[in-house]
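2 protein chains.
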Amino acid sequence: MAAGASSTASPLPAPRGGGAVVPRLPRAVLERFSLYLRELEALHARGVTTVSSQELGRTLGLTPAQVRKDLNAVGPLGARGVGYRVELVVGALRRAIGTDRTWTLALVGVGHLGSALVRHAGFREQGFYFTAIFDRLPELCGRSIDGLVVQHVDELVPTVRRLGIEIGIIAVPPEQAQPVAELLVAAGVKGILNFAPAALEVPPDVQVVNADLGFFLEQLTHHIVSMPRR
Amino acid sequence: MAAGASSTASPLPAPRGGGAVVPRLPRAVLERFSLYLRELEALHARGVTTVSSQELGRTLGLTPAQVRKDLNAVGPLGARGVGYRVELVVGALRRAIGTDRTWTLALVGVGHLGSALVRHAGFREQGFYFTAIFDRLPELCGRSIDGLVVQHVDELVPTVRRLGIEIGIIAVPPEQAQPVAELLVAAGVKGILNFAPAALEVPPDVQVVNADLGFFLEQLTHHIVSMPRR
DNA sequence: CATTGTGAACAGTTTCACAGCC
DNA sequence: GGCTGTGAAACTGTTCACAATG
Chain A
1 MAAGASSTAS PLPAPRGGGA VVPRLPRAVL ERFSLYLREL EALHARGVTT VSSQELGRTL
61 GLTPAQVRKD LNAVGPLGAR GVGYRVELVV GALRRAIGTD RTWTLALVGV GHLGSALVRH
121 AGFREQGFYF TAIFDRLPEL CGRSIDGLVV QHVDELVPTV RRLGIEIGII AVPPEQAQPV
181 AELLVAAGVK GILNFAPAAL EVPPDVQVVN ADLGFFLEQL THHIVSMPRR
Chain B
1 MAAGASSTAS PLPAPRGGGA VVPRLPRAVL ERFSLYLREL EALHARGVTT VSSQELGRTL
61 GLTPAQVRKD LNAVGPLGAR GVGYRVELVV GALRRAIGTD RTWTLALVGV GHLGSALVRH
121 AGFREQGFYF TAIFDRLPEL CGRSIDGLVV QHVDELVPTV RRLGIEIGII AVPPEQAQPV
181 AELLVAAGVK GILNFAPAAL EVPPDVQVVN ADLGFFLEQL THHIVSMPRR
């Protein structure tokens with residue numbers, strides 16, 4: 001699925017130059033925007049052109065009122081008595097999220113997780129392109145993964161800067177996460193996706209999203225041990 | 001780091017039989033609990049025995065008041081004028097999160113991401129043990145990854161049931177996520193960690209946590225394009 | 001006397017109900 | 001008639017200020 005999967009329907013409006021400043025969304029709304037986008041892209045691929053807040057809410061487990069409030073946050077997109085035009089909403093959501101354009105990625109840390117991320121096809125389909133990959137170990141440098149040659153981290157700053165890469169992905173052991181983050185910041189990235197279980201300190205104009213895998217399992221075990229029913 | 005890293009200090013209190021019902025925590029609090037736990041474990045490993053809400057808040061980027069309110073949610077753990085005893089709080093957080101015991105995992109989908117997860121050492125250190133792994137492709141079955149033999153999904157239900165596995169991890173393409181979820185439910189798992197970009201429908205007594213990787217990049221791009229500064 | 005625990009004020013989020021429009 | 005957009009109400013989570021206390 002995701003952006004790449006087309007079938008009966010015509011392709012979605014081509015990504016335009018993306019650059020307009022969009023208003024910051026509340027965290028809770030942003031999380032649901034990803035859900036909406038995913039589902040609407042699937043509907044579009046199936047040739048569906050229109051959907052109501054009720055239908056959309058039912059398949060995603062949300063109330064119709066919430067769907068309407070959420071979508072309304074990026075402007076009045078719906079038609080009363082009719083519903084929402086799928087194509088229109090997909091475009092508006094992409095603009096709000098920032099995926100109405102493509103992005104280039106630098107990976108640091110070519111371990112098990114790092115290599116899996118580079119090979120993960122879903123990223124490309126969503127418009128995210130790995131453009132340079134780095135590791136500290138000399139024996140990994142020169143090897144090629146999915147068409148990209150692993151470079152030594154010593155080359156990170158000049159390479160990332162030269163290629164204008166905007167997003168760095170950290171997949172190194174926790175002790176090395178902070179120094180790597182500082183290299184990425186020095187190289188001028190605008191955002192960092194951090195898979196290491198470590199709290200990064202970066203300047204306020206660099207955005208960080210943490211995706212520590214252990215954290216998801218902890219969420220799950222809490223839900224399990226705190227369940228009322230069973 | 002995580003639970004396994006010991007150094008100067010004595011090991012933390014051994015996991016006890018875990019089974020008491022704990023009160024459900026608000027999502028936001030639970031997220032911060034993982035942060036606190038990580039940081040407190042690191043402090044313990046460095047031999048620190050006591051910490052104030054101010055120090056803890058500073059290193060994690062939170063206000064002291066928030067730290068106190070959060071920790072107080074599992075009972076009065078601190079000593080006025082002194083601070084919090086690291087060891088005591090680690091124990092209380094683990095009980096609240098559910099990681100005061102070990103858990104067994106079943107992986108479904110031995111692609112790039114799936115194999116990386118199985119080999120990810122951090123899970124074991126946190127008390128999460130892969131116990132069975134499955135794939136649909138016959139050519140993968142019989143191969144062994146990190147000491148575990150890949151079984152065919154047809155054997156999922158009896159195997160997971162026989163081994164009493166409580167958590168299933170889905171790392172298959174999105175179209176197959178729902179059928180796999182249904183197998184895991186039939187096999188009696190209590191929770192599912194879902195890496196596929198698909199909204200799963202499961203009975204209310206089965207917990208689901210979604211960890212779609214594309215979603216994190218979308219969060220990041222929104223933060224970048226909606227930045228006030230720069 | 002430094003530091004927690006906590007009620008009360010504040011901010012953010014979700015739900016509700018219905019007016020407005022196609 | 002069906003469905004969106006939206007103010008107001010209800011709820012949840014965060015910040016503040018200070019009394020309580022080891």
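Order-wise, the sequence lines are chains A and B.
Under the working numbering, the first residue of the first sequence carries the number 1, and numbering increases by one thereafter.
Under the working numbering, the first residue of the second sequence carries the number 1, and numbering increases by one thereafter.
Heads up, the beta-carbon is just placed ideally off N, CA and C, and yes, glycines get one too.
Bridge partners - residue i, DSSP secondary structure assignment
i, result
"GLN126/B", "None, per the DSSP bridge assignment."
"ASN194/A", "ILE170/A and ASN210/A"
"PHE134/A", "VAL108/A and GLN151/A"
"THR50/A", "ARG85/A"
"GLY78/A", "TYR84/A"
"SER144/B", "VAL149/B"
Chain-ordered neighbours of residue i on chain A, where CB pairs are closer than 7 Å
i, result
"GLU264/B", "Here chain B comprises residues numbered 1 to 230, so residue 264/B is not present and cannot be evaluated."
"ARG119/B", "HIS112"
Chain-ordered chain A contacts of residue i [CB-CB under 8 Å]
i, result
"GLN207/B", "LEU220, HIS223, ILE224 and MET227"
"ALA132/B", "The contacting residues do not exist; ALA132/B stays about 16 Å from chain A at best."
"GLY122/B", "PRO197, LEU213 and GLY214"
Neighbouring residues, chain A, relative to residue i (Cβ below 9 Å)
i, result
"VAL22/B", "HIS222, VAL225 and SER226"
"LEU25/B", "HIS222 and SER226"
Per-residue contacts from residue i into chain B (C-beta, under 9 Å)
i, result
"LEU40/A", "Simply none; closest approach about 12 Å."
"ILE167/A", "LEU217, LEU220, THR221 and ILE224"
Residue i, buried or exposed, once every other Cβ within 10 Å from all chains shown has been counted against 16
i, result
"LEU30/A", "buried"
"ARG38/B", "buried"
"ALA177/B", "buried"
"SER115/A", "buried"
"TYR84/A", "buried"
"GLN219/B", "buried"
"GLU41/B", "buried"
"ARG161/B", "exposed"
"TYR129/A", "exposed"
"VAL237/A", "What is shown of chain A runs 1 to 230, which leaves residue 237/A out entirely."
"LEU137/A", "exposed"
"GLN207/A", "buried"
"SER144/B", "exposed"
"LEU107/A", "buried"
"GLN54/B", "exposed"
"ARG80/B", "exposed"
"LYS190/A", "buried"
"ALA28/A", "exposed"
"ARG46/A", "exposed"
"THR221/B", "buried"
"ASP205/B", "exposed"
"PRO174/B", "buried"
"THR49/A", "exposed"
7 Å Cβ cut-off: residues of chain B touching residue i
i, result
"LYS190/A", "ILE224"
"GLN66/A", "Simply none; closest approach about 15 Å."
"LEU71/A", "Here the premise fails: no neighbours, minimum Cβ distance about 15 Å."
N-terminal and C-terminal residue of the alpha helix (DSSP H) that residue i is part of
i, result
"THR59/A", "53-60"
"HIS222/A", "213-225"
"LEU105/B", "Unbroken run through LEU105/B is the beta strand (DSSP E), 103-108; no alpha helix (DSSP H)."
"ARG95/B", "86-97"
"PRO64/B", "64-72"
"PRO158/A", "156-163"
"ALA45/A", "27-45"
Contact with chain A by residue i, beta-carbon distance below 9 Å
i, result
"SER115/B", "yes"
"LEU56/B", "no"
"LEU184/B", "no"
"LEU30/B", "yes"
"LEU77/B", "no"
"LEU37/B", "yes"
Limits of the unbroken beta strand (DSSP E) element including residue i
i, result
"VAL149/B", "148-152"
Beta carbon proximity, residue i to chain B, threshold 9 Å
i, result
"GLY61/A", "yes"
"GLN126/A", "yes"
"LEU12/A", "The predicted position of LEU12/A is uncertain, since its pLDDT is 45 and thus under 50; no value can be drawn from it."
Under 8 Å from the C-beta of residue i: neighbouring residues of chain B
i, result
"LEU193/A", "PHE216, LEU217 and LEU220"
Residue i: CB within 8 Å of a non-hydrogen atom of the ligand HEM
i, result
"ALA45/A", "The ligand HEM is not part of the structure shown, which contains no ligands of any sort."
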